[in-house]
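A quick write-up on the structure given underneath.
Numbering (this note's numbering), first residue to last: 1 to 141.
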């Protein structure tokens, strides 16, 4: 059985994917997604909501890291799943004190292996998040 936080990350990814593609209000997307697809425990849903809201509110700052380290890969041309997995990982690494940065990176890699292009995506996500970690994530450990 998946852990409560991992379930929350999966829900957050599903909502961010829709939000990124459709450009609709994240709150309504969140409610519909929870209602229709993710009958997860309350703690997972609450965690996912914090992640989604944080990514949405800090997207420009988070995206600046992705753009800085993904050389020759404009963010708007990236795989939408990878882009949002990196957003989740960076947000959690920088803003969630209860999650060690290395755990945020590992969880992002696992999401990319499961929902994107496997090892290839996992390697890409790992490379970007590791650079962010080296720049500022290690300050929390």
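All C-beta atoms, glycine included, are put in the ideal place defined by N, C-alpha and C.
The three-state secondary structure of residue 107, taken from DSSP, is helix. DSSP, read as helix, strand or coil, puts residue 73 in coil. Between the alpha carbons of residue 63 and residue 17 lies a distance of about 15 Å. It is roughly 6 Å from the alpha-carbon of residue 82 to the alpha-carbon of residue 112.
Leaving aside the five residues that flank residue 67 on each side, the residues in its chain whose CB is nearer than 6 Å to its CB run, in chain order, 75.
Between residue 14 and residue 47 a beta carbon distance of about 14 Å is seen, past the 8 Å cut, so the two are scored as non-contacting. Residue environment: residue 21 is assigned as exposed (fewer than 16 neighbouring CB atoms within 10 Å of its CB, all protein chains considered). Annotation: residue 130 to residue 114 spans about 19 Å, alpha carbon to alpha carbon. Under a 10 Å Cβ-count criterion, residue 134 is classified as exposed, with fewer than 16 other Cβ atoms of the shown protein chains found around its own Cβ.
In the assembly as shown, residue 28 is an exposed residue. Its beta-carbon has fewer than 16 other beta-carbons within 10 Å. If only complete runs of 3 or more residues are kept, the segment 2-84 shows no beta strand (DSSP E) anywhere. DSSP places residue 98 outside both helix and strand once states are collapsed to three, so it counts as coil. Burial state of residue 57 is exposed, judged by a 10 Å Cβ sphere holding fewer than 16 other Cβ atoms. Contact check for residue 51 and residue 88: beta-carbon distance about 6 Å, within the 8 Å limit, so the pair qualifies.
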